[in-house]
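Okay, so the sequence shown: first residue is 90 according to my numbering, each after it adds one. To start, the structure itself, in structure tokens.
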Amino acid sequence: MKIAIVGAGIVGVTTAFELAQDGHAVSVFEQRSAAAEESSFAAGGLLAPGLLSPWSAPGASPFPTLLGSQSTLRLGSALTLAEMSWLRRWRRAARACAKSGEPRPPLVALERLARYSQVRLLHLTESLDLRFEHSHGTLLLLRSPDDTKTLTAAIKALRDGGGTLHEVDADTARSIEPGLSPALHLAGALHAPEGLSGNCRQFALVMRQASQHRGAQFHFNTRVHRLAGHPIGVHVQGEATPRPFDAVVLCAGAQSAALLRPLGQNLPLVALHGSSVSAPLREELHAPQGVVVDVQTQTTIARLGQRVRVSGGAELGRGTAQAHPQTLNTLYRVLGECFPGGVTHSSGLQVWRGARPMLPDGPPAVGATTVPGLWLNLGHGASGWSLACGSARALADQIAGRTPDIDLEGLGAQRF
Ligand SMILES: Cc1cc2nc3c(=O)[nH]c(=O)nc-3n(C[C@H](O)[C@H](O)[C@H](O)COP(=O)(O)OP(=O)(O)OC[C@H]3O[C@@H](n4cnc5c(N)ncnc54)[C@H](O)[C@@H]3O)c2cc1C
90 MKIAIVGAGI
100 VGVTTAFELA
110 QDGHAVSVFE
120 QRSAAAEESS
130 FAAGGLLAPG
140 LLSPWSAPGA
150 SPFPTLLGSQ
160 STLRLGSALT
170 LAEMSWLRRW
180 RRAARACAKS
190 GEPRPPLVAL
200 ERLARYSQVR
210 LLHLTESLDL
220 RFEHSHGTLL
230 LLRSPDDTKT
240 LTAAIKALRD
250 GGGTLHEVDA
260 DTARSIEPGL
270 SPALHLAGAL
280 HAPEGLSGNC
290 RQFALVMRQA
300 SQHRGAQFHF
310 NTRVHRLAGH
320 PIGVHVQGEA
330 TPRPFDAVVL
340 CAGAQSAALL
350 RPLGQNLPLV
360 ALHGSSVSAP
370 LREELHAPQG
380 VVVDVQTQTT
390 IARLGQRVRV
400 SGGAELGRGT
410 AQAHPQTLNT
420 LYRVLGECFP
430 GGVTHSSGLQ
440 VWRGARPMLP
450 DGPPAVGATT
460 VPGLWLNLGH
470 GASGWSLACG
480 SARALADQIA
490 GRTPDIDLEG
500 LGAQRF
């Protein structure tokens with residue numbers, strides 16, 4: 090088949106690879122000049138377990154607080170109706186999860202996809218001999234005994250799915266991550282020995298090359314300003330007529346909803362912004378070895394080769410293009426509290442702000458739409474890096490008419 094993909098973030102690039110691998114003629118349209126220039130540029134790095142990414146789904150992380158300088162969710166000056174409705178749905182689902190302590194179906198669907206994705210990523214890494222910065226082990230810091238309570242449903246979903254998560258005391262946590270500050274008070278920690286972190290952008294770039302070797306064509310600086318419905322195709326900005334295709338896969342991240350609306354497809358997708366700071370390593374022994382999640386502040390600190398990346402913050406609604414000052418304060422504070430002396434602040438700092446393309450229940454939309462030939466792979470929220478390889482393979486199987494390796498219940502666009 091002749092297939093167009095809109096968007097060359099981590100999701101578009103992995104989708105291009107799987108479709109090209111299946112023998113399709115793939116054309117990727119990307120408005121930026123390279124792959125992974127938007128949400129996938131400097132994402133936190135947490136790959137596995139995907140469910141432990143802060144903000145991965147309502148009920149997977151602590152209930153979002155809105156007020157005060159320590160709030161985990163910051164609201165912009167003017168929320169749209171869509172953003173207000175998204176927030177209501179997210180908070181309602183998070184509250185229901187916190188009350189019962191049981192994982193709701195979206196949490197289970199997300200865990201299943203994240204687990205499959207990890208297997209697929211490891212397979213691709215080995216079979217294609219992919220080189221990208223990565224490290225092993227995930228440690229969740231529990232600063233107070235209450236931190237575990239807020240994670241009950243996620244922990245259950247992880248363990249029910251076959252994941253290993255050890256409850257460890259503060260001394261054991263320090264032996265797993267010896268760079269943790271002795272001054273940091275810990276009630277304990279949760280350790281996922283099979284956890285992984287990695288550099289999302291680097292992986293996207295090597296996967297773009299692997300896709301090109303299989304014949305995928307990448308058209309950079311090429312904006313799709315409209316999708317054509319009947320017959321299916323893409324209107325490229327500056328061209329008079331649409332380019333026809335047998336199928337179009339929309340992987341346009343946070344900008345997908347606007348492209349879908351004219352075709353009568355309304356998805357409750359919002360952009361939840363956050364930031365990351367990447368700093369050069371100063372002292373190996375004082376830096377994280379794998380990825381560390383600070384449950385209380387919803388931040389992650391990941392080791393990426395010779396750098397450490399701290400990320401977090403959640404901002405809904407209109408804001409500036411710059412990182413939010415309070416988010417940055419939190420990132421620097423948490424990094425200093427956990428790994429003082431691990432990084433150098435004087436030069437080589439990279440500060441980034443990006444959007445998590447979020448649906449209100451957590452999991453992405455992966456599959457067919459009601460428009461013949463139009464497929465979705467979008468809305469991966471806070472765990473697009475963790476989910477990309479699995480959702481790309483599952484979508485390619487659906488397009489080929491094969492039964493995917495995992496149950497896709499809870500991932501269809503029709504659920505909204
Ligand atoms: C602060 C922060 C920390 C994060 N940490 C993690 C983490 O630790 N682990 C994890 O798994 N995930 C994390 N994420 C989430 C992850 O970054 C996203 O889920 C993922 O990058 C989304 O990938 P994507 O390909 O869907 O979107 P994008 O990377 O945004 O790609 C979409 C692409 O579509 C292109 N595009 C859009 N519209 C058009 C158009 N009309 N024409 C042509 N091209 C178009 C865009 O230019 C863009 O390149 C984090 C996100 C943030 C913001």
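Ideal Cβ placement from N, Cα and C applies to all residues, glycine included.
Given this structure, state the Cα-to-Cα distance separating residue i from residue j, to the nearest angstrom.
{"i": "T45", "j": "I244", "result": "Beyond the ends of the chain as shown, which are 90 and 505, falls residue 45; an answer cannot be given."}
{"i": "S475", "j": "A167", "result": "31 angstroms"}
{"i": "L269", "j": "A376", "result": "8 angstroms"}
{"i": "V239", "j": "Q415", "result": "Sequence check: residue 239 is Thr here, not Val. Their backbone Cα atoms lie some 23 angstroms apart in a straight line."}
{"i": "S472", "j": "A182", "result": "18 angstroms"}
{"i": "P333", "j": "Q395", "result": "45 angstroms"}
{"i": "E126", "j": "T169", "result": "26 angstroms"}
{"i": "H434", "j": "R315", "result": "44 angstroms"}
{"i": "H362", "j": "G318", "result": "31 angstroms"}
{"i": "A346", "j": "G327", "result": "21 angstroms"}
{"i": "V102", "j": "L229", "result": "30 angstroms"}
{"i": "G402", "j": "G190", "result": "25 angstroms"}
{"i": "S116", "j": "L348", "result": "18 angstroms"}
{"i": "L285", "j": "F292", "result": "13 angstroms"}
{"i": "N418", "j": "A97", "result": "31 angstroms"}
{"i": "A276", "j": "I390", "result": "19 angstroms"}
{"i": "L247", "j": "T104", "result": "26 angstroms"}
{"i": "R442", "j": "S129", "result": "11 angstroms"}
{"i": "E215", "j": "Y205", "result": "16 angstroms"}
{"i": "D496", "j": "G139", "result": "17 angstroms"}
Could you tell me if the beta carbon of residue i falls within a distance shorter than 6 angstroms of some heavy atom in ligand 1?
{"i": "H280", "result": "no"}
{"i": "R328", "result": "Arg is not the amino acid found at residue 328; the sequence shown has Glu there. Incorrect: E328 has no Cβ contact closer than 6 angstroms to ligand 1."}
{"i": "A341", "result": "yes"}
{"i": "A471", "result": "yes"}
{"i": "R297", "result": "no"}
{"i": "Q120", "result": "yes"}
{"i": "L135", "result": "yes"}
{"i": "V455", "result": "no"}
{"i": "G443", "result": "yes"}
{"i": "I99", "result": "yes"}
{"i": "V338", "result": "no"}
{"i": "V313", "result": "yes"}
{"i": "E127", "result": "yes"}
{"i": "A132", "result": "yes"}
{"i": "W70", "result": "As displayed, the chain neither begins before 90 nor continues past 505, which places residue 70 out of reach and without an answer."}
{"i": "G363", "result": "yes"}
{"i": "G96", "result": "yes"}
{"i": "S142", "result": "yes"}
{"i": "S400", "result": "yes"}
Quick one, are the C-beta atoms of residue i and residue j less than 7 angstroms apart?
{"i": "A109", "j": "R303", "result": "yes"}
{"i": "R263", "j": "Q385", "result": "no"}
{"i": "A481", "j": "E107", "result": "yes"}
{"i": "A281", "j": "L199", "result": "no"}
{"i": "G425", "j": "P369", "result": "no"}
{"i": "P449", "j": "R193", "result": "no"}
{"i": "A502", "j": "A343", "result": "no"}
{"i": "P446", "j": "L358", "result": "yes"}
{"i": "V382", "j": "L141", "result": "yes"}
{"i": "L463", "j": "I321", "result": "yes"}
{"i": "V460", "j": "L352", "result": "yes"}
{"i": "A187", "j": "V337", "result": "no"}
{"i": "P453", "j": "G499", "result": "no"}
{"i": "L339", "j": "G134", "result": "no"}
{"i": "P493", "j": "A477", "result": "no"}
{"i": "Q411", "j": "P143", "result": "no"}
{"i": "D111", "j": "A341", "result": "no"}
{"i": "H255", "j": "G379", "result": "no"}
{"i": "V257", "j": "A278", "result": "yes"}
In the DSSP assignment, the beta strand (DSSP E) including residue i goes from what residue to what residue?
{"i": "S365", "result": "359 to 369"}
{"i": "M296", "result": "No beta strand (DSSP E) holds M296; the alpha helix (DSSP H) holding it covers 289 to 302."}
{"i": "N466", "result": "463 to 467"}
{"i": "V257", "result": "255 to 257"}
{"i": "V397", "result": "396 to 405"}
{"i": "L339", "result": "336 to 339"}
Any heavy atom of ligand 3 closer than 6 angstroms to the beta-carbon of residue i?
{"i": "Q344", "result": "No copy of ligand 3 occurs in the structure displayed; its ligands are ligand 1 alone."}
Starting from residue i and walking both ways along the alpha helix (DSSP H), at which residues does that stretch end?
{"i": "E107", "result": "99 to 110"}
{"i": "T389", "result": "Here T389 belongs to no alpha helix (DSSP H); instead the beta strand (DSSP E) covers 388 to 393."}
{"i": "P414", "result": "414 to 427"}
{"i": "D383", "result": "Per DSSP, D383 belongs to no alpha helix (DSSP H); it is in the beta strand (DSSP E), 380 to 383."}
{"i": "L476", "result": "473 to 488"}
{"i": "P194", "result": "194 to 216"}
{"i": "I244", "result": "241 to 249"}
So, is the C-beta of residue i closer than 7 angstroms to a C-beta in chain C?
{"i": "N310", "result": "Looking for chain C here will not work: only one protein chain is present."}
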